[in-house]
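Numbering (the working numbering), first residue to last: 46 to 317.
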Amino acid sequence: MKKRKSGVMLRKVSAGIIDVLLIIFALFLLTVVVADPLADVFFNTSRNAKLMNEIKRNYALSEDMGYQGEKEFVFFTTSKDYVDFKLNEYKKEHGLDIIDEEKEIELKTKYEVVYEQNKERYTLKLESDQEYISLSNKQRAIDYGIFLFTTLVSEIFFLYLIPFHLIKGQTLGMKMQGLYFVDKNNVLSTYKRGIIYFLVIYLIETVLVYTILGLDIILLIPILNLIVILFNKSRQTLHGLISGIKVVDYALEPVFKNISESINYKNKYETT
Numbered sequence: 046m047k048k049r050k051s052g053v054m055l056r057k058v059s060a061g062i063i064d065v066l067l068i069i070f071a072l073f074l075l076t077v078v079v080a081d082p083l084a085d086v087f088f089n090t091s092r093n094a095k096l097m098n099e100i101k102r103n104y105a106l107s108e109d110m111g112y113q114g115e116k117e118f119v120f121f122t123t124s125k126d127y128v129d130f131k132l133n134e135y136k137k138e139h140g141l142d143i144i145d146e147e148k149e150i151e152l153k154t155k156y157e158v159v160y161e162q163n164k165e166r167y168t169l170k171l172e173s174d175q176e177y178i179s180l181s182n183k184q185r186a187i188d189y190g191i192f193l194f195t196t197l198v199s200e201i202f203f204l205y206l207i208p209f210h211l212i213k214g215q216t217l218g219m220k221m222q223g224l225y226f227v228d229k230n231n232v233l234s235t236y237k238r239g240i241i242y243f244l245v246i247y248l249i250e251t252v253l254v255y256t257i258l259g260l261d262i263i264l265l266i267p268i269l270n271l272i273v274i275l276f277n278k279s280r281q282t283l284h285g286l287i288s289g290i291k292v293v294d295y296a297l298e299p300v301f302k303n304i305s306e307s308i309n310y311k312n313k314y315e316t317t
């Protein structure tokens with residue numbers, strides 16, 4: 046068999062990155078084109094968002110946490126935004142181009158204290174508003190449902206249908222890198238093992254992690270799997286270990302369609 050110049054590990058990582066990017070792209074399309082419009086039709090999400098923003102706007106104005114700009118209401122997201130705005134107001138009010146350094150320090154300190162005090166009052170009011178709490182919880186549930194739906198559809202297509210039904214034994218990323226899904230006998234993995242493989246990725250590595258730790262942590266899953274790969278002799282991912290599926294390079298290892306081919310190969314080449 047012809048040996049490849051680059052390492053198998055590098056191609057595994059490359060294939061994984063390709064598949065992750067494809068899934069992320071599919072997630073984006075599904076969310077924008079399908080999930081968000083459907084959520085708006087069935088749950089009136091645009092109206093909910095408008096009501097939430099109106100409540101936030103009212104409290105923000107009452108606590109001096111924002112200002113009415115020329116185009117739309119703007120929230121001060123940081124103390125720096127607030128301080129800069131108040132300094133500009135001070136300069137306009139006193140007809141100044143530049144504020145004396147000592148005076149500027151004094152004003153900055155004052156405005157930062159005011160901002161923090163207002164922020165605390167604003168937050169307490171917002172958190173005690175029952176309508177806002179209800180709308181916020183509803184939106185959180187909708188967002189969670191959208192996440193479950195879009196990830197389920199995307200991962201089923203790219204990590205189950207393609208490798209175990211459409212392109213036998215390969216995801217699109219693996220096909221580009223010359224890799225195959227096989228079992229311990231190097232036989233192309235069946236759809237039954239593929240179901241386990243997919244469920245581990247979806248339920249444990251996606252849904253469970255998202256539910257407990259949040260969306261941002263999901264981006265760490267490839268890193269966590271890389272750590273798992275480095276610390277087991279078979280160099281497999283978590284989902285690979287649980288499902289009994291491994292990834293091999295067909296140029297370096299034989300890949301068989303069924304167990305009979307595997308047995309015949311072993312009898313022919315591995316017996317003494």
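Yeah, the Cβ is synthetic: ideal placement off N, Cα and C, and Gly gets one too.
Keep in mind that this is a model prediction, so the values were computed, not measured.
- Within the same chain, and ignoring the five residues on either side of Leu286 in sequence, the residues whose Cβ sits closer than 8 Å to its Cβ are Val273, Asn277 and Ser279.
- At a Cβ-Cβ threshold of 8 Å, Tyr242 and Ile207 do not count as neighbours.
- Each of Lys131, Ile268, Ser179 and Pro299 was checked against the Cα of Ile100, and the nearest Cα belongs to Ser179.
- Contact between Ile191 and Ala296 does not hold, since their C-beta atoms are separated by about 41 Å, which reaches or exceeds 8 Å.
- With distances taken between CA atoms, Val58 lies nearest to Val293 out of Leu106, Phe301, Val293 and Asn309.
- Gly218 sits in a helix when the DSSP states are folded into three classes.
- Counting the other CB atoms within 10 Å of its CB gives Ser173 a total below 16, which places it among the exposed residues.
- Residues Tyr104 of the same chain have their beta carbon placed closer than 6 Å to that of Lys170, with the five preceding and five following residues left out of the count.
- In the displayed model, Phe301 falls within a strand according to three-state DSSP.
- As computed with DSSP, Asp294 is found in a beta bridge with Leu224.
- Between Asn270 and Thr251, the alpha-carbon positions lie close to 12 Å from each other.
- When only Cα atoms are considered, Phe301 and Asn231 end up about 6 Å apart.
- About 6 Å separates the beta carbons of Thr216 and Phe203, which is inside the 8 Å limit, making them a contact pair.
- Approximately 15 Å separates the beta-carbon atoms of Thr256 and Ile187; this is outside 8 Å, ruling out the contact.
- Sequence-distant partners of Phe194 (beyond 5 residues in either direction) whose C-beta falls short of 7 Å from its own C-beta, in its chain, are Ala80.
- Shown here, Gly61 sits in a helix according to DSSP, grouped into three states.
- For Phe192, the enclosing alpha helix (DSSP H) begins and ends at Gln175 to Ile201.
- Judged by their CB atoms, Arg56 and Leu224 are nearer to each other than the 8 Å cut-off.
- Under the three-pair Cβ rule at 8 Å, the region 141–149 does not count as touching the region 158–167.
- For the 8 Å CB-CB criterion, His284 and Val245 form a contact.
- Nearest C-alpha to Met54 among Asp126, Met219, Ser307 and Glu306: Met219.
- With fewer than 16 other CB atoms across the displayed protein chains lying within 10 angstroms of its CB, Val77 is exposed.
- In summary, Gly259 is exposed, with fewer than 16 beta-carbon neighbours lying within 10 Å of its beta-carbon over all protein chains present.
- A buried status is given to Thr282, since no fewer than 16 other beta-carbon atoms sit within 10 Å of its beta-carbon.
- Taking the CA atoms as reference points, Tyr156 sits about 34 Å from Gln184.
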